[in-house]
Amino acid sequence: MTIEIGRLCIKIAGRDAGKKAVIIDVLDDKFVVLDGQTRRRKVNVFHIEPLNQVIKIEKNASHGDVANALKELGIETRQTKPKQKTERPKPKRKTPEQLRVQKEEKRKLRDIFRPKKKEEKIGEKKESTLEAKAGLMEEKKEEINPSEAEIKEKKAKPAEKKEEKPKAKKAVGEKE
Amino acid sequence: MPAPRLRSRSLRKVFRKVPGNRVSLQYKRRKHKAARCGSCGNVLHGAPRALPFQMKSLPKTKRRPERPYGGVLCSRCMRQEIVNKIRQ
Chain A
0 MTIEIGRLCI KIAGRDAGKK AVIIDVLDDK FVVLDGQTRR RKVNVFHIEP LNQVIKIEKN
60 ASHGDVANAL KELGIETRQT KPKQKTERPK PKRKTPEQLR VQKEEKRKLR DIFRPKKKEE
120 KIGEKKESTL EAKAGLMEEK KEEINPSEAE IKEKKAKPAE KKEEKPKAKK AVGEKE
Chain B
0 MPAPRLRSRS LRKVFRKVPG NRVSLQYKRR KHKAARCGSC GNVLHGAPRA LPFQMKSLPK
60 TKRRPERPYG GVLCSRCMRQ EIVNKIRQ
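Written as structure tokens, this is what we have:
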């Protein structure tokens, strides 16, 4: 069996082994080009087993022609779907109107969830505020007194007066 | 003295250097025999010599060659098989 264009053969090596194909081109005494059930590719002659049949096919025939010729013999060829180019949607900047709408939606959502949170917070706040207030008030007093004292100190520079004033305050507090 | 179940030689000993910078003795399952061709009995290429659970973690394309009878017959026997089928 000679190796010629249009000769049916079976590939016996690689992942396409056992698949039928047609010789489309003979490159030299070692390599041929196959197409059919296999991928369209250059193949070593030792990796194919020629069959008896020969098809009339042009040199470097397109895959469609090969597929049609093989269909008549009842051999279905591979069919690869051409890849469709799908562009990714590019992120666009939102227009001011869209932003407004987005904000309004967010507000609506906030309104839905607000009341519950308020109720919970109010209960907590009352407890916390009373304690905090009591604590804060004391703290404030403590804070205020020294500050006032400092101011007074600054105003009254002599050291003797400093000592007198806190003593006087304490005395007032004890009396009350 | 190792535990009685480790004194049989069904498990192999592996010396591992552990993070505390000391060498510890670990017991591991023995490796399986290499995969062999179904017709000629030669060792198969492209089929790793690993335990079943290790094979499971591998991708399928790394467990055996991607051709008809991959991981069962060697390439030479596979070719012979196909040629014989054609000529019958």
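So the sequences go chain by chain: A and B.
Using numbering that gives the first Met the number 0, read the first sequence as starting at 0 and increasing by one per residue.
Using numbering that gives the first Met the number 0, read the second sequence as starting at 0 and increasing by one per residue.
In this text, a Cβ means the ideal position worked out from N, Cα and C, and glycines have one as well.
task: Confirm, please, whether the CB-CB distance from Lys-30(B) to Val-22(B) is below 8 Å.
output: The sequence position of residue 22(B) within the second sequence is 23, counting from 1. The sequence position of residue 30(B) within the second sequence is 31, counting from 1. The answer is no: Cβ separation not under 8 Å.
- prompt: Under a three-way DSSP split, which group does Ala-68(A) fall into?
  reply: Within the first sequence, numbered from 1, the residue matching residue 68(A) stands at position 69. Ala-68(A) falls in the helix class under three-state DSSP.
- request: Would you list the residues sitting across from Leu-67(B) in a DSSP beta bridge?
  value: As a first step, residue 67(B) is located in the second sequence; it is residue number 68 there, counting from the start. The question names Leu, yet the displayed sequence has Pro at residue 67(B). None; Pro-67(B) has no bridge partner.
Supposed close pair Asp-34(A), Val-65(A) - CB separation, criterion 8 Å: Taking the first sequence and counting its residues from 1, the one referred to as residue 34(A) is at position 35. Taking the first sequence and counting its residues from 1, the one referred to as residue 65(A) is at position 66. Right, their Cβ atoms sit about 5 Å apart.
- request: State yes or no: is the C-beta of Lys-19(A) within less than 8 Å of the C-beta of Ile-11(A)?
  value: The sequence position of residue 19(A) within the first sequence is 20, counting from 1. The sequence position of residue 11(A) within the first sequence is 12, counting from 1. Against a cut-off of 8 Å, the Cβ pair of Ile-11(A) and Lys-19(A) comes out as no contact.
task: Identify every residue that forms a DSSP beta bridge with Leu-33(A).
output: In the first sequence, residue 33(A) corresponds to position 34, counting from 1. According to DSSP, Leu-33(A) bridges with Ile-22(A) and Arg-40(A).
message: In this structure, how does DSSP classify Gln-87(B) when only helix, strand and coil are distinguished?
response: As a first step, residue 87(B) must be located in the second sequence, where it is residue number 88. In this structure, Gln-87(B) counts as coil in the three-state DSSP scheme.
message: I'd like to know if the stretch 25-42 of chain B and the stretch 62-77 of chain B are in contact, where contact means that at least 3 CB-CB pairs between them fall below 8 Å.
response: yes
message: What are the residues in the stretch 55-68 of chain B lying within 8 Å of chain A by C-beta distance?
response: Glu-65, Arg-66 and Pro-67
task: Kindly list, in the order they appear in chain B, the residues whose Cβ is closer than 7 Å to that of Arg-14(A).
output: Indexing the first sequence from 1 puts residue 14(A) at position 15. By Cβ distance, chain B contributes Glu-65 and Arg-66.
field: Cα-Cα separation between Glu-175(A) and Lys-107(A), rounded to whole angstroms
entry: Within the first sequence, the letter at position 176 stands for residue 175(A). Within the first sequence, the letter at position 108 stands for residue 107(A). Note that Glu-175(A) has pLDDT 47, beneath the 50 cutoff, so the model's placement of it is unreliable and the number below is only indicative. Each residue's alpha carbon lies about 56 Å from the other.
- prompt: Would Val-82(B) count as contacting chain A if we go by Cβ distances under 8 Å?
  reply: Here the question's residue 82(B) lines up with position 83 in the second sequence. True, the Cβ-Cβ gap to chain A drops below 8 Å.
task: Can you say whether Glu-209(A) is buried or exposed, counting buried as having 16 or more other CB atoms within 10 angstroms of its CB?
output: The question about residue 209(A) has no answer here: the residues shown for chain A are numbered 0 through 175.
- prompt: Thinking C-alpha only, which one of Pro-47(B), Gly-69(B) and Ala-49(B) is nearest Gly-13(A)?
  reply: Taking the first residue of the first sequence as position 1, residue 13(A) is located at position 14. Comparing Cα positions, the closest option is Gly-69(B).
- request: Select from Asp-28(A), Lys-82(A) and Asn-59(A) the residue whose C-alpha is nearest the C-alpha of Val-21(A).
  value: Locating residue 21(A) in the first sequence gives position 22, counting from the first residue. Val-21(A) has its Cα closest to that of Asn-59(A), out of Asp-28(A), Lys-82(A) and Asn-59(A).
message: With a threshold of 8 Å between beta-carbons, can Glu-48(A) be considered close to chain C, or not?
response: Note that chain C does not occur in the displayed structure, where the protein chains are A and B.
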